[in-house]
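Participant: Here it is, the structure in full.
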Amino acid sequence: MDLFEYQGKQYFARYDIPVSPGGPADTVDEAVAAANAAGYPVVVKAQVQVGGRGKAGGIKLADNEAEARQHAEAILGMDIKGHVVKRVWVENASDIEEEYYVSFTLDRAEKKHLMMLSREGGVEIEVVAEENPDAIIKLHIDPVDGLSADVARQACIDANLPERAIDGATDIIVKLYRCYTEGDCDLAEINPLILKPTGEVHALDAKVTLDGNAEYRHPEWEAFKGLTEMDEREKMAAEKDLQYIGLDGTVGIIANGAGLAMSTLDVVNQVGGSAANFLDIGGGANADVMAGALEVINFDENVKSIFINIFGGITRGEEVAKGIVEALNRVELKAPIVIRLDGTNAEEGRQILLDAGIPESKLRSEPTMLAAAKTVVGLANA
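All residue numbers in the sequence shown are consecutive under the UniProt record's numbering, ending with 382.
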């Protein structure tokens, strides 16, 4: 779950990370009230989960109530890269001497947490990585050992932060790591982390992604869902309890198991195609689950062909085949299916599909994942 900036700052505040005083607003009057409470000058910031807000006019400085009202009227309802602004965050403006970058995420290849720290903040870290990679300090952290203040301080020194910023930055980095680990985040990022002329270090922005697998531990996360942006495909999938992520390609993907689903995306890409989604049906490939998966994929107008990739283990091949046949009686598909069925009772499953008499224009079976990928991509590109 990706949080909006103001939600991320509220999350940071739980871990005593200093953020600017302010408040969210859904109306112009609420924005003015938040500005008056925060104290002028204030910054009125569009709350959308997309970059480029400032360039689009979604971040404005207001020195008085009239300007706060004017900016709120202009920003609320604004379209920023296809995202309509429904809420603004109004906060007390900060004087900035320098801007830094810090984040924590998981490096799966290393099986460790990864901290990135740079003296060059306020811009996208990808830009810094491309133009000046030596400006980014990367530190892997063993989850068993955690992050000590001494290690965080040395990272600040290695990143060439000025002496007057090191104490404050060290304190925030340790707190951000705690937020990231105890708060069950996939990503916790501050960009920019600012040094004020007074010497204080302060989180001026917040980017937080929460690990949905940990939601059961956090009933308080329910409050974050009000304005969570989810496309229509993902909403439909969530209603059907499907593990689905929408993408921009033309090949719909259904697989049983996250690893197989990711491998399927890779092989489609390798043979010149592009996936329209990630969809993991797990161990349930019965008619209800399969019909739900096909309904979600069928909803996507960009899908030109569908790749069902099933490796039977606990889920037996004949049950998968029965589920597909029954699902096809429920869902009128706009795109042809290519299926690769392997594993437990795969031959029985393939025979069931053959006996069902489904036209080849609607469903084809291929013996291997590579052959199926080539076929499905060819159909998508036809």
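Built from N, CA and C at the ideal position, the CB exists for glycine as well.
By the three-class DSSP mapping on this structure, what secondary structure does Ile-358 have?
Facilitator: coil
Participant: Quick one, which of Ile-136, Asn-64, Ala-372 and Val-102 has its alpha-carbon nearest Lys-207's?
Facilitator: Val-102
Participant: Distance check for Glu-295 and Val-90, CA to CA, integer angstroms please.
Facilitator: 41 Å
Participant: Is the segment 139 to 158 touching the segment 110 to 127 in the sense that three or more CB pairs, one from each, lie closer than 8 Å?
Facilitator: yes
Participant: Measure the alpha-carbon distance for Phe-224 versus Glu-126 and round it to whole angstroms.
Facilitator: 28 Å
Participant: Tell me which same chain residues have a C-beta within less than 7 Å of the C-beta of Val-42, skipping the five on either side of it?
Facilitator: Around Val-42: Ala-35, Ala-62, Ala-68, Val-90, Glu-91, Asn-92 and Ala-93.
Participant: Using only the alpha-carbon positions, how far apart do Asn-213 and Gly-323 sit?
Facilitator: Roughly 27 Å separates the two Cα atoms.
Participant: What three-state label does DSSP hand Ala-373 in the structure shown?
Facilitator: helix
Participant: Take every Cβ of the segment 153 to 165, pair it with every Cβ of the segment 4 to 16, and state whether three or more of those distances are shorter than 8 Å.
Facilitator: Of all C-beta pairs linking the segment 153 to 165 to the segment 4 to 16, fewer than three are shorter than 8 Å, placing the two stretches out of contact.
Participant: Drop a sphere of 10 angstroms on the beta-carbon of Lys-304, count the other beta-carbons inside from all chains shown, and report buried for 16 or more, exposed for fewer.
Facilitator: buried
Participant: How long is the line joining the alpha carbons of Thr-264 and Val-320, rounded to whole angstroms?
Facilitator: 18 Å
Participant: Can you find a CB in chain D that lies within less than 7 Å of the CB of His-218?
Facilitator: Although the question refers to chain D, the structure presented lacks it and comprises just one protein chain.
Participant: Starting from the N-terminal side, write out each stretch of the beta strand (DSSP E) that is 3 residues or longer and does not extend beyond the segment 226 to 261.
Facilitator: 243 to 246 and 251 to 255
Participant: Could you tell me the alpha carbon to alpha carbon distance between Ser-274 and Lys-175, rounded to whole angstroms?
Facilitator: 40 Å
Participant: Quick check on the burial criterion: 16 or more other C-beta atoms within 10 angstroms. Buried or exposed for Ala-152?
Facilitator: buried
Participant: With a cut-off of 8 Å on the beta carbons, I'd call Asp-184 and Asp-211 a contact; round off their distance for me.
Facilitator: Between Asp-184 and Asp-211 the beta-carbon gap is near 5 Å, inside 8 Å, which marks them as a contact.
Participant: Taking the alpha-carbon of Ala-169 as reference, which of Leu-147, His-202 and Phe-299 has the nearest alpha-carbon?
Facilitator: His-202
Participant: What is the DSSP secondary structure of Asp-288, counted as helix, strand or coil?
Facilitator: helix
Participant: If you run the structure through DSSP and keep just helix, strand and coil, what is His-218?
Facilitator: coil
Participant: For Val-44, which residues does DSSP report across the bridge?
Facilitator: Lys-60 and Val-90
Participant: Excluding sequence positions up to five away, which residues of its chain have a Cβ less than 7 Å from the Cβ of Asn-298?
Facilitator: Val-331, Leu-333 and Lys-334
Participant: Is Asp-186 helix, strand or coil by DSSP?
Facilitator: Reduced to three states, the DSSP call for Asp-186 is strand.
Participant: Any chance the segment 235 to 251 sits against the segment 342 to 359, with 3 or more Cβ pairs inside 8 Å?
Facilitator: no
Participant: What does the alpha-carbon distance come out to for the pair Gly-252 and Glu-360?
Facilitator: 18 Å
Participant: Drop a sphere of 10 angstroms on the beta-carbon of Ala-38, count the other beta-carbons inside from all chains shown, and report buried for 16 or more, exposed for fewer.
Facilitator: buried
Participant: Which runs of the alpha helix (DSSP H), 4 residues or longer, sit entirely within the segment 1 to 50?
Facilitator: Runs of the alpha helix (DSSP H) inside the segment 1 to 50: 5 to 13 and 28 to 38.
Participant: If we call anything under 7 Å between Cβ atoms a contact, is Val-48 one with Val-19?
Facilitator: It is not a contact, given that the beta carbons lie outside the stated cut-off.
Participant: Using the C-alpha atoms, what's the distance from Asp-134 back to Leu-147?
Facilitator: 22 Å
Participant: The beta strand (DSSP E) that contains Asp-150, what's its start and end?
Facilitator: Segment 149 to 158 is the alpha helix (DSSP H) holding Asp-150; no beta strand (DSSP E) there.
Participant: Is it buried or exposed for Ala-149, if we count other Cβ within 10 angstroms and need 16 for buried?
Facilitator: exposed
Participant: Reducing DSSP to helix, strand and coil, say where Lys-81 ends up.
Facilitator: coil
Participant: If you drop the 5 nearest sequence neighbours on each side, which residues of the same chain put their C-beta closer than 6 Å to that of Met-290?
Facilitator: Gly-323, Ile-324 and Ala-327
Participant: Using DSSP's beta-bridge definition, name the partner residues of Ser-274.
Facilitator: Note: Ser-274 sits in no beta bridge, so no partner.
Participant: Under the assumption that Gly-121 contacts Pro-192 (Cβ atoms under 8 Å), give the Cβ distance between them as a whole number of angstroms.
Facilitator: 4 Å
Participant: Cα separation between Val-271 and Ala-372?
Facilitator: 10 Å
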